[in-house]
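Residue numbers (our numbering): 17 to 177.
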Amino acid sequence: MLVAGLGCAPAPQVPSSPPAASAPGPNAVEARPRAAVAPWFELGKSFPNLTPTRISSAHAARGASAEIRVCPEAEAQYRSLVTDSEFADGTLIVEWLEDTRGPQSRRVLALERRDGAWHYWELDANGRGAELGPSSSCQQCHAAAPAPPVFGLPRKKAAAP
Ligand code: HEC
């Protein structure tokens with residue numbers, strides 16, 4: 017299949033801080049690094065919001081309502097999702113969840129298309145978090161999506177007769 021464009025993930029970043037001066041010795045206990053801010057977090061805030069009215073989310077445990085933002089290159093395809101929709105590498109679909117406590121309660125879930133595969137992310141309000149492995153709970157639910165793993169926007173309910 018021919019996929020146009022390169023999607024809209026940011027270019028890989030070169031770390032701006034110099035490496036630590038002393039390398040840990042062979043017996044050093046590796047400190048668990050503080051989760052880094054996801055490379056696409058800031059960019060993701062500027063993606064078009066496809067849910068001008070917040071939706072009530074299936075991820076209720078992580079926040080009651082959500083908005084979905086999709087990188088501009090994938091917007092048209094996401095809006096008109098069909099079962100065999102395919103997305104280019106670099107596609108990012110981001111769901112911003114929060115509950116009644118407002119932005120401090122924010123959780124950010126994302127689907128990223130990279131190297132021909134889908135990757136799942138879960139971040140906190142500051143964009144810190146991690147990519148989740150393929151056996152995560154995300155994968156189990158999202159396998160049943162209309163264009164796995166992409167659910168797409170909520171379908172409009174048919175007007176009452
Ligand atoms: C209980 C089933 C379920 C689980 C578990 C789940 N999701 Fe979802 N997800 C959904 C449904 C249903 C939607 C459709 C929109 C909505 O209701 O929020 C969705 C939508 C999304 C979207 C918007 C893109 C789309 O598919 O249209 C993202 C991003 C997302 N989920 C990420 C995640 C991540 C990351 C995890 C794991 C931390 C996860 N989800 C776990 C059911 C689930």
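Beta carbons are placed, not taken as given, at the ideal position from N, Cα and C, and that holds for glycine.
What you are looking at is a predicted structure, and each value in this text was computed from that prediction instead of being measured.
Within the same chain, Phe167, Gly168 come within 8 Å of Ala161 by CB-CB distance, once the 5 residues on both sides are set aside.
In the DSSP assignment, His135 falls within the beta strand (DSSP E) that extends over 133-139. Looking only at Glu89, Glu114, Thr69, Leu148, the smallest Cα-Cα distance to Pro170 is reached by Thr69. Look at Ser73 here: in three-state DSSP terms it is coil, with no helix or strand label. For Arg130, the enclosing beta strand (DSSP E) begins and ends at 123-130. For the set Ser153, Ser73, Ala82, the Cα lying nearest the Cα of Tyr136 is the one of Ser153. Pairwise C-beta distances place the segment 79-94 in contact with the segment 59-68, as three or more of them are shorter than 8 Å. Only exposed fits Thr116, as fewer than 16 other CB atoms lie within 10 angstroms of its CB. Listed in chain order, the non-local C-beta contacts of Arg144 below 6 Å within the same chain comprise Ala51, Val53, local neighbours out to five positions each way being set aside. Annotated three-state conformation of Ser81 is strand, per DSSP.
Ala90 sits in a helix when the DSSP states are folded into three classes. The Cβ atoms of Leu97 and Glu111 lie no closer than 8 Å to each other. Inter-residue distance for Pro164 and Ala77 is about 22 Å (C-alpha atoms, whole angstroms). Placement of the Cβ of Leu127 at a distance of less than 7 Å from at least one heavy atom of the ligand HEC is found.
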